[in-house]
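If you read the sequences in order, they're chains X and Z.
Under the numbering used here, the first residue of the first sequence carries the number 2, and numbering increases by one thereafter.
Under the numbering used here, the first residue of the second sequence carries the number 2, and numbering increases by one thereafter.
Protein chains: 2
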Amino acid sequence: MPKGDAIGGFEQLVLLALAHLGEDAYGVSIRKEIAARTGRDVNIGAVYTTLDRLEGKGLAVSVIGEPTAERGGRAKRLFRLTGAGRTALEESCRAVVGMMKGLGWGEA
Amino acid sequence: MPKGDAIGGFEQLVLLALAHLGEDAYGVSIRKEIAARTGRDVNIGAVYTTLDRLEGKGLAVSVIGEPTAERGGRAKRLFRLTGAGRTALEESCRAVVGMMKGLGWGEA
DNA sequence: TTGTTTAGTATACGATGTATAAGAAATGCC
DNA sequence: GGCATTTCTTATACATCGTATACTAAACAA
Chain X
2 MPKGDAIGGF EQLVLLALAH LGEDAYGVSI RKEIAARTGR DVNIGAVYTT LDRLEGKGLA
62 VSVIGEPTAE RGGRAKRLFR LTGAGRTALE ESCRAVVGMM KGLGWGEA
Chain Z
2 MPKGDAIGGF EQLVLLALAH LGEDAYGVSI RKEIAARTGR DVNIGAVYTT LDRLEGKGLA
62 VSVIGEPTAE RGGRAKRLFR LTGAGRTALE ESCRAVVGMM KGLGWGEA
């Protein structure tokens, strides 16, 4: 990335999902959040790959959670935004919002 | 691209610039529009590459305009949104807006 | 101990993002 | 005319991101 190092479009969606989910953000819940809010049925592999990259860039961090007592309740890898992640996200949102302004199709 | 074939983040910015500029959209004016609205100083080469790809996907079309009577007034390649372009743009905006909703950082 | 469910890892490849360098078409001026 | 200068476009190359598929791991149930 160049000057004001931007993030990709899908990375932005994943970061936004993290912002919404707070404590309960992990692969599957993130996928659901995106599907629910955008209608896009994203591939789960795509989500994990992106999460890895975001962590590699310091925009998110992960910890392994406790297994839950349900069938298939394997330990989750929980993600959350870092300070840098929040900053990058705000910046990228500001860019899109700035570009959308005046066209009258959608407000957040 | 997969199911609801999405566009990239930068492609979205360029399409948005087309929506704003109307009749006078060409490489340089598009670059300026993005810079003015986002503060991002994008590379002119990046803009042209993206415009070519958008045209390749049928989301924009271009025509060669008339030269203007100014120093360096070479004929411009003018771009505009196609119907498919407008649809794809609306769709991608809806996605981001949907994901931003409730976080309180920015409205268009 | 086999099956089913939820979750995550590995990997590969096409699509996008970005930069640099070079080319083309105007005007201005000697 | 011919060369400098300005505006705009093309060509090209490579890094990053997006996406899908296949495989692995850990939990409970029967």
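Note that the Cβ used here is the ideal one computed from N, Cα and C, for glycine as well.
7 Å Cβ shell around residue i - same chain, five flanking residues per side excluded
i, result
"ILE21 of chain X", "Before going further, note that residue 21 of chain X is His rather than Ile in the sequence given. Excluding positions up to five away in sequence, the list reads GLU34."
"GLY59 of chain X", "THR83 and ALA85"
"ARG81 of chain Z", "LEU19, ALA26, ALA61 and VAL62"
Exposed unless 16 or more other CB atoms sit within 10 angstroms - verdict on residue i
i, result
"ALA76 of chain X", "exposed"
"ARG72 of chain X", "exposed"
"VAL98 of chain X", "buried"
Of the listed residues the options, nearest to residue i (C-alpha basis)
i, options, result
"GLU56 of chain X", "X:LEU16, X:ALA37 and X:GLY99", "X:LEU16"
"VAL43 of chain Z", "Z:THR51, Z:ALA37 and Z:ARG32", "Z:ARG32"
"ARG54 of chain Z", "Z:GLY9, Z:ALA37, Z:TRP106 and Z:GLY103", "Z:GLY9"
"THR51 of chain X", "X:PRO68, X:PHE11 and X:SER30", "X:PHE11"
"GLY23 of chain Z", "Z:ARG87, Z:GLY105 and Z:MET101", "Z:ARG87"
"MET101 of chain Z", "X:VAL64, X:GLU91 and X:MET100", "X:GLU91"
C-beta atoms of residue i and residue j nearer than 8 Å
i, j, result
"TYR49 of chain Z", "GLY28 of chain Z", "yes"
"THR39 of chain X", "ALA96 of chain Z", "yes"
Inter-residue Cα distance where the pair is residue i and residue j
i, j, result
"ALA70 of chain Z", "ARG78 of chain Z", "16 Å"
"SER93 of chain X", "GLN13 of chain Z", "12 Å"
"ALA7 of chain X", "ARG41 of chain Z", "9 Å"
"GLY122 of chain Z", "SER30 of chain Z", "With chain Z covering 2 to 109 only, the question about residue 122 of chain Z has no answer from this structure."
"TRP106 of chain X", "PRO68 of chain X", "43 Å"
"ILE45 of chain X", "LEU104 of chain Z", "24 Å"
"ALA47 of chain Z", "ALA37 of chain X", "33 Å"
Own chain residues within Cβ distance below 6 Å of residue i, not counting five before or after
i, result
"VAL64 of chain X", "LEU79"
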